[in-house]
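Notes follow once the structure below has been shown.
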DNA sequence: GTCTTGACTTGGACATAGTCCAATATAGGA
DNA sequence: TCCTATATTGGACTATGTCCAAGTCAAGAC
Ligand SMILES: [Mn+2]
Ligand SMILES: [Mn+2]
Ligand SMILES: [Zn+2]
Ligand SMILES: [Zn+2]
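Protein chains in written order, with the working numbering: chain G, 1 to 139; chain L, 1 to 139.
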């Protein structure tokens with residue numbers, strides 16, 4: 001993710017302490033945090049960082065394509081730093097755990113032209129739901 | 001949707017004026033309203049109906065499988081009365097319009113077993129994004 | 001190294017979406 | 001008609017996210 005910092009510098013970003021810790025949090029574990037979770041972890045490294053800066057920076061990273069927003073339920077958006085590997089998500093309907101999964105074949109092909117209604121379709125997201133081994137055992 | 005009222009009666013539901021107008025709103029046009037949109041339309045028929053009753057009733061209809069929740073962005077959930085025809089959604093990234101679409105083939109088949117991580121996968125939702133004809137013309 | 005300035009950060013107010021609850025009303029059976 | 005379990009209501013409360021004016025600071029100019 002020092003790559004990320006370099007790319008941001010190349011785009012004329014000021015490298016503030018706040019942006020650094022947010023990048024570190026996203027880089028650390030390869031998970032899908034909410035904005036509040038990112039903030040909680042950023043505070044451990046930089047206690048005075050504000051919620052507003054976290055929301056601002058996440059929004060900017062999304063606009064630059066360095067992070068993608070993931071919405072699997074109607075709750076808080078999650079921020080996914082894994083943009084270098086195309087993937088979809090598998091969500092546990094018990095505990096909410098999210099795993100990255102790679103699909104095979106052309107997902108777009110499942111939508112017949114007759115069902116496109118003149119849209120220029122350019123993106124598809126797939127979410128699989130099921131119970132993870134832990135939740136299945138506990139039921 | 002008088003079918004719906006009958007099914008609800010059969011399940012021991014009290015048929016209140018509030019539940020009737022909510023069912024009528026969902027039945028009317030075949031769209032994907034938010035809870036607040038359902039409330040606004042219900043108020044036209046029954047001015048004193050409360051937000052709480054709309055949220056309560058929508059939640060109950062979802063629990064019964066008579067309506068499904070749809071989340072295509074990080075905004076308000078939408079309520080879809082079209083549960084009798086399996087379908088996915090096509091969303092305009094310009095204006096947010098949502099269309100029902102029917103896919104062909106087995107969507108689950110795109111997820112290799114090696115990518116299931118021991119989950120018992122039982123559901124898949126697909127959302128296609130693109131620009132509708134109107135938004136494409138305006139750009 | 002110091003200055004300068006426009007970009008960045010901040011706390012808090014505000015907005016939107018949804019939940020919860022105690023008091024009140026009512027559907028539907030007796 | 002009466003009874004009461006169930007449903008409704010207004011409003012407080014929570015969760016998530018946005019906005020803004022005032023203060024701060026990164027980094028280029030000198
Ligand atoms: Mn991911
Ligand atoms: Mn639909
Ligand atoms: Zn689980
Ligand atoms: Zn459109």
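Idealized CB from N, CA, C, for every residue including glycine. Keep in mind the model is a prediction, meaning the values are calculated, not measured.
Listed along the chain, the chain G residues whose CB falls inside 7 Å of the CB of residue 111 of chain L are 101, 103, 128. Residue 109 of chain L and residue 122 of chain L have their C-alpha atoms roughly 12 Å apart. Where residue 22 of chain G is concerned, there is no enclosing beta strand (DSSP E), although the alpha helix (DSSP H) around it starts and stops at 17–28. Scanning its chain for C-beta atoms nearer than 6 Å, with the 5 sequence neighbours on each side dropped, one finds around residue 22 of chain G the residues 42, 57, in chain order. Ranking G/60, G/126, G/79, G/47 by CA distance to the CA of residue 107 of chain L puts G/126 first.
A residue is listed when its beta-carbon falls short of 5 Å from at least one non-hydrogen atom of ligand 1; in chain order these are G/80, G/82, G/100.
Taking the C-beta atoms as reference points, residue 35 of chain L is found nearer than 8 Å to residue 54 of chain L. Cβ atoms of residue 95 of chain G and residue 134 of chain G come within 8 Å of each other, at about 7 Å. Restricted to the stretch 32–79 of chain L, the alpha helix (DSSP H) segments that are unbroken, complete and at least 4 residues in length are 35–45, 51–64, listed in chain order. Between ligand 2 and the CB of residue 87 of chain G, the shortest heavy atom gap is not smaller than 7 Å. The straight-line gap separating the alpha-carbon atoms of residue 68 of chain G and residue 46 of chain L is approximately 42 Å.
In this structure, the alpha-carbon of residue 91 of chain L lies about 31 Å from that of residue 8 of chain L.
Taking a beta-carbon distance threshold of 8 Å, residue 74 of chain G counts as an interface residue toward chain L. Two segments are said to touch when three or more pairs of C-beta atoms, one from each, lie closer than 8 Å; by this definition the stretch 78–90 of chain L does not touch the stretch 79–88 of chain G. At least one C-beta of chain G is nearer than 8 Å to the C-beta of residue 121 of chain L. Distances from the CA of residue 137 of chain L to each of G/77, G/93, G/118, G/16 were compared; the closest alpha carbon is that of G/118. The CB of residue 51 of chain L never comes closer than 9 Å to any CB in chain G; the least such distance is about 16 Å. Counting only Cβ-Cβ distances below 7 Å, residue 131 of chain L has contacts in chain G at 119, 120, in chain order. Residue 90 of chain L sits in a strand when the DSSP states are folded into three classes.
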